[in-house]
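Student:
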Ligand code: X2X
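Numbering (our numbering), first residue to last: -12 to 319.
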């Protein structure tokens, strides 16, 4: 009797395991990014994925892989294109290695304030870029996520004026726009994926980098940099990208759910990043950085003098450039 019961219990085990598997998600997808898990982008993405799972009664589960767990931006972009990765957030001017028009959001000193950023990116500029993304075989959701206005940091000579950038070994993302921008400043830019930035600074492969305060804080770059120069030299945002084939494999109701939740999460993330960037300079000071105010007009003048605006007007073409100028006014 005892033995029969034991046997019955043992044979029930695999059945139980099968039942569990049948209850697993019907669609098991992945979302990845290059930012630390503590950055608002990942916190809001994680929240969105939890809401999607709940609202789909567990049919769609989207795993979140922050912090370059799936590789560098370059790796993740190719996984996204092949369908090995379903969702990925990527900065416009890096996406530009595949979709040249996506550089438009990164033009130096283009946006006077966030009102102009969102007017352009939720309006004609964003619509134009998303159209180009589609032509290159990817899907970008409507709302771009905020990375923020970028600031320069140095582990060597502090940056006060554009002259301090002459020959400065500056890490920039893998992107033609960023290289061009820092050449125009007279610096010596090197393209390095974000996955390698902390160690490149630590080992002095480069002397500085530039990123919004929320990244300097969450990626602990203050540990390997000494000074922070508030230059606001460009705004940057993350397109929430999907592999169109994998996205189309979802029933329409789940497609709508994902798009709605990701767009809503983008708006929450924008508010988080704006709030953080307003307070983090003083936090970074307490973490040992010297904080330097700069004259952005002097930096902008050096871009103008180097012909940066003329070059990019030509490279991006009339549709993108006039969409941008219709919001921010004439750029030169
Ligand atoms: O690589 C960077 O510096 C980062 C994290 O800001 C971007 O993704 C553009």
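Each residue gets a CB set at the ideal place from its N, CA and C atoms; glycine is no exception.
Bear in mind the structure is a predicted one, so any value in this text is a computation, not a measurement.
Contact check, residue 253 vs residue 130 under 8 Å by CB: the rounded distance?
Tutor: Residue 253 to residue 130, Cβ: 4 Å. Contact.
Student: State the CB to CB distance for the pair residue 95 and residue 300, rounded to an integer number of angstroms; the pair is presumed to be in contact (CB under 8 Å).
Tutor: Actually they do not touch by this definition, with Cβ atoms about 13 Å apart.
Student: By DSSP, does residue -7 sit in helix, in strand, or in coil?
Tutor: A caution first: residue -7 carries a pLDDT of 48, below 50, which makes its placement in the model too unreliable to give a value.
Student: Return the chain-ordered ranges of every beta strand (DSSP E) run that is complete within the segment 183 to 260 and spans a minimum of 3 residues.
Tutor: Listed in chain order, the complete beta strand (DSSP E) runs (minimum 3 residues) inside the segment 183 to 260 are 195 to 198, 214 to 217, 222 to 229.
Student: Could you work out which residue in 63, 34, 55 is closest to residue 49 when comparing CA atoms only?
Tutor: When each option's Cα is compared against that of residue 49, the closest is 34.
Student: Output needed for residue 295: all residues of its chain with C-beta closer than 6 Å, excluding positions within five of it in sequence on either side, in chain order.
Tutor: Contacts found: 171.
Student: Quick check: is any heavy atom of the ligand X2X less than 6 Å from the C-beta of residue 330?
Tutor: Any property of residue 330 remains undetermined from this structure, which presents the chain solely from -12 to 319.
Student: Kindly indicate which three-state DSSP category residue 137 falls into: helix, strand or coil?
Tutor: Note: residue 137 maps to coil in three-state DSSP.
Student: Relative to the C-alpha of residue 265, which candidate in 137, 297, 29, 73 has its C-alpha closest?
Tutor: Nearest C-alpha to residue 265: 137.
Student: Would you say the segment 204 to 217 touches the segment 65 to 81, given that touching needs at least three Cβ pairs under 8 Å?
Tutor: Contact fails: fewer than three Cβ-Cβ distances are below 8 Å.
Student: Just to confirm the assignment, what range does the alpha helix (DSSP H) spanning residue 130 have?
Tutor: Per DSSP, residue 130 belongs to no alpha helix (DSSP H) and is neither H nor E.
Student: Answer yes or no: the CB of residue 198 versus the heavy atoms of the ligand X2X, is any distance below 6 Å?
Tutor: Yes, Cβ of residue 198 sits closer than 6 Å to a heavy atom of the ligand X2X.
Student: Tell me, please, whether the segment 245 to 260 touches the segment 23 to 32 by the rule of three or more beta-carbon pairs shorter than 8 Å.
Tutor: Short answer: they touch.
Student: Measuring only the C-alpha atoms, how far is residue 202 from residue 235?
Tutor: Straight-line Cα distance between these residues: approximately 33 Å.
Student: I'd like to know if the segment 172 to 189 and the segment 242 to 251 are in contact, where contact means that at least 3 CB-CB pairs between them fall below 8 Å.
Tutor: Too few Cβ pairs lie closer than 8 Å, so no.
Student: Does the Cβ-Cβ distance between residue 196 and residue 153 come in under 7 Å?
Tutor: Not closer than 7 Å, so no.
Student: What is the DSSP secondary structure of residue 40, counted as helix, strand or coil?
Tutor: Here residue 40 sits in helix by DSSP.
Student: Counting along the chain, where does the alpha helix (DSSP H) carrying residue 172 start and finish?
Tutor: That residue, residue 172, is in no alpha helix (DSSP H); it is neither H nor E in DSSP.
Student: State the Cα-Cα distance for the pair residue 68 and residue 125, rounded to the nearest angstrom.
Tutor: Looking at the two C-alpha atoms, the distance is approximately 7 Å.
Student: I need the boundaries of the beta strand (DSSP E) containing residue 301, first residue and last residue.
Tutor: Residue 301 -> not in any beta strand (DSSP E); alpha helix (DSSP H) instead, spanning 295 to 303.
Student: Examine the Cβ distances between the segment 11 to 18 and the segment 112 to 125 and report whether three or more of them are shorter than 8 Å.
Tutor: No: fewer than three Cβ pairs fall under 8 Å.
Student: To the nearest angstrom, how far is it from the Cα of residue 22 to the Cα of residue 293?
Tutor: Each residue's Cα considered, the two are about 32 Å apart.
Student: Among the candidates 132, 80, 87, whose CA atom is the shortest distance from the CA of residue 101?
Tutor: When only C-alpha atoms are compared, the closest one is 132.
Student: Take the Cβ of residue 223 as the centre, count every other Cβ of all protein chains shown within 10 Å, and call the residue buried at 16 or more, exposed below.
Tutor: Buried, since its Cβ has 16 or more Cβ neighbours within 10 Å.
Student: Which stretch, first to last residue, makes up the alpha helix (DSSP H) that contains residue 65?
Tutor: From DSSP, the alpha helix (DSSP H) with residue 65 extends over 60 to 69.
Student: For the alpha helix (DSSP H) holding residue 290, just list the boundary residues, first then last.
Tutor: Looking at the DSSP string, the run of the alpha helix (DSSP H) that includes residue 290 is 283 to 292.
Student: Check whether the Cβ atoms of residue 144 and residue 175 sit closer than 7 Å, and answer yes or no.
Tutor: Result no, Cβ atoms of residue 144 and residue 175 do not sit closer than 7 Å.
Student: Could you name each continuous alpha helix (DSSP H) segment of 4 residues or more that falls completely within the segment 86 to 126, going from the start of the chain to the end?
Tutor: List check, alpha helix (DSSP H) in window: 101 to 108, 111 to 122.
Student: Hey, is residue 132's beta-carbon within less than 7 Å of any beta-carbon in chain D?
Tutor: This model lacks chain D altogether; it includes just one protein chain.
Student: Whole angstroms are fine: how far does the CA of residue 219 sit from the CA of residue 313?
Tutor: So the alpha carbons of these two residues sit roughly 21 Å apart.
Student: Can you tell me where the alpha helix (DSSP H) with residue 81 in it begins and where it stops?
Tutor: Its alpha helix (DSSP H) spans residues 79 to 82.
Student: By Cβ distance, which residues of its chain are closer than 6 Å to residue 66, with the 5 residues on each side in sequence left out?
Tutor: Hits under 6 Å: 72.
Student: Excluding the 5 residues preceding and the 5 following residue 221 in the sequence, name in chain order all residues of the same chain whose CB lies nearer than 6 Å to its CB.
Tutor: Same-chain partners within the cutoff: 93, 95, 137.
Student: Determine the DSSP secondary structure at residue 14, reduced to helix, strand or coil.
Tutor: If DSSP states are grouped into helix, strand and coil, residue 14 belongs with the strands.
Student: Where does residue 52 sit, in a helix, a strand or coil, going by DSSP?
Tutor: Note: residue 52 maps to strand in three-state DSSP.
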